[in-house]
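Written below as structure tokens is the structure these notes are about.
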Amino acid sequence: MASDDRWLQRLRLELTWFTGQAALRSRGAGAILRFAHVRPRRRGGFQPLRQHEITPQFLDRAIRALKRWKYDFLGMDEVCRRAVTLPEKRRFVALTFDGAPKDLIKFAYPVLARHGVPFTIYVPTAFPDGVGEAWWLGLEQVIARESRISLMMGDREQRFTVTGNAEKQALFAYLEGWLRSLPPVELSAAIADLCTRYRVDLAALSREASMDWEDLAKLAADPLVTIGNATVNYPVLANMKDAGALREMTMGKAVAESAFDREIRHLAFPFGDRAAFRRSHVVMAEEAGFASAVSTIPGIVEAEGRTNLRALPRISWDGRVRSLRMLRVLVSGVAFAPVRPTGSATGQT
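Going by our numbering, the sequence shown opens with residue 18, and the numbers climb by one from there.
What follows is the structure in structure tokens.
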């Protein structure tokens with residue numbers, strides 16, 4: 018059913034492009050694009066995280082296309098300014114990257130630097146410290162290695178037999194959804210139990226996949242790079258008590274400001290979908306001192322204060338869609354419903 022929905026969405030976007038609506042009826046001030054991983058294609062049939070990847074070559078093509086379509090490339094400070102002022106003639110696009118993965122500096126940054134475009138990185142500070150848990154990587158490795166898997170789910174031990182790639186993909190989706198529903202302490206215990214059973218070194222996996230502070234310092238030295246924060250441990254905030262969620266924001270901001278010796282003004286809600294954070298977290302972002310907070314809820318940014326700066330929509334650009342035609346439709350805004358005023362662009366809801 019999910020694949021059918023994606024097919025229908027793709028068809029709708031293609032039809033929008035062929036009818037010329039994207040070029041003739043652009044809406045809003047601009048769009049924020051969200052990337053997770055930029056790296057060369059990997060071999061192997063079981064790659065559940067491939068849907069979050071694009072290649073460096075496609076990133077290059079996308080930037081060239083956006084330049085050809087006369088978009089202004091902005092950092093998040095300028096996005097915030099344009100979101101509260103009168104509309105400008107040229108629309109903007111902002112490039113953002115979540116999680117500070119190692120492939121960003123290895124594969125994405127050379128492309129971005131060559132084009133001379135600004136971009137924003139949202140850093141969960143536990144990961145460059147070497148103590149963050151990329152639990153999704155541990156889950157991926159266990160399922161990739163094993164055909165028979167058992168783990169504790171609540172107070173019961175569950176067993177699964179998966180032989181082909183399709184079964185492994187389905188199990189990954191099921192267990193990922195279950196793990197994301199748990200409070201952070203329970204999630205950490207569950208993934209530790211699973212990785213211990215199957216001798217997967219989650220700590221080493223997490224460190225290997227993340228940039229360290231030295232990598233980030235190199236990027237921070239580039240005036241085109243904006244450093245943002247994605248809390249400390251990248252938890253699902255909706256699974257936490259309010260005090261814990263606020264602490265994740267304030268501590269993440271403080272650690273990043275100490276590391277980079279600058280004010281950290283911008284936040285990304287971890288995972289960022291509608292189930293990952295609540296309205297109260299939008300208010301917390303303002304209390305924590307952030308000028309903006311981005312989600313992964315799709316949409317465009319309106320001008321004149323019609324989009325809440327601490328609940329900014331983003332268009333996720335990943336391995337499921339590789340068509341520049343669809344990119345043009347998405348950044349034009351015609352595929353999204355108009356944004357209702359939030360009462361204030363300063364974070365009030």
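For glycine and all other residues, C-beta sits at the position ideal for the given N, C-alpha and C.
By DSSP, does residue i sit in helix, in strand, or in coil?
| i | result |
| --- | --- |
| G269 | helix |
| M169 | strand |
| P118 | strand |
| D278 | coil |
| R56 | coil |
| T243 | strand |
| A293 | coil |
| S205 | helix |
| L329 | strand |
| L103 | coil |
| I49 | strand |
| A39 | With a pLDDT of 46 at A39, under the threshold of 50, the predicted position of this residue should be treated as unreliable, and no value is reported. |
| A238 | coil |
| A82 | helix |
| F109 | strand |
| V318 | strand |
| L199 | coil |
| A125 | helix |
| N256 | helix |
| T213 | helix |
| V351 | coil |
| V300 | helix |
| V96 | helix |
| R323 | coil |
| D218 | coil |
| A305 | coil |
| R345 | helix |
| R264 | helix |
| F75 | helix |
Are the CB atoms of residue i and residue j nearer to each other than 8 Å?
| i | j | result |
| --- | --- | --- |
| I138 | A151 | no |
| G155 | R224 | no |
| A310 | V299 | yes |
| L50 | V134 | no |
| P330 | G316 | yes |
| R99 | G47 | yes |
| M170 | W195 | yes |
| L263 | E304 | yes |
| Q158 | S167 | no |
| F277 | I244 | yes |
| V179 | L188 | yes |
| D259 | S205 | no |
| F144 | S43 | no |
| C97 | A352 | no |
| D120 | V55 | yes |
| G269 | T113 | no |
| G334 | L344 | In the sequence as presented, Gly is not what sits at residue 334; that position holds Trp. Cβ distance < 8 Å, so W334 and L344 count as in contact. |
| R59 | T72 | no |
| D94 | R107 | no |
| V219 | I208 | The sequence as given places Leu at residue 219; Val does not occur at that position. Against a cut-off of 8 Å, the Cβ pair of I208 and L219 comes out as a contact. |
| F136 | V242 | yes |
Per DSSP, which residues does residue i bridge with? Please list them.
| i | result |
| --- | --- |
| A310 | L284 |
| E70 | H54 |
| D89 | F109 |
| S227 | P118 |
Does the beta carbon of residue i sit closer than 8 Å to a beta carbon anywhere in chain D?
| i | result |
| --- | --- |
| R176 | Considering every chain present, this structure includes no chain D. It has just one protein chain. |
TODO: Please list the segments of the beta strand (DSSP E) lying wholly inside the stretch 132–193, counting only runs of 3 or more residues, in order along the chain.
DONE: 136–140, 165–170, 173–178
Task: At least three beta-carbon pairs within less than 8 Å, the stretch 78–87 to the stretch 193–212 - done: Note that the stretch 78–87 does not touch the stretch 193–212; fewer than 3 beta-carbon pairs, one per stretch, sit closer than 8 Å.
- [ ] Say whether the stretch 246–263 touches the stretch 274–294, bearing in mind that this needs 3 or more beta-carbon pairs closer than 8 Å, one atom from each stretch.
- [x] Yes: the two stretches touch, three or more of their Cβ pairs being nearer than 8 Å.
Task: Contact the stretch 162–173 vs the stretch 54–65: 3+ CB pairs below 8 Å - done: No, the stretch 162–173 is not in contact with the stretch 54–65.
TODO: Flag this pair as touching only if the stretch 91–106 and the stretch 316–325 have three or more C-beta atom pairs under 8 Å; answer yes or no.
DONE: yes
- [ ] Check whether the stretch 232–239 touches the stretch 253–260, taking contact to mean three or more Cβ pairs, one atom from each stretch, closer than 8 Å.
- [x] no
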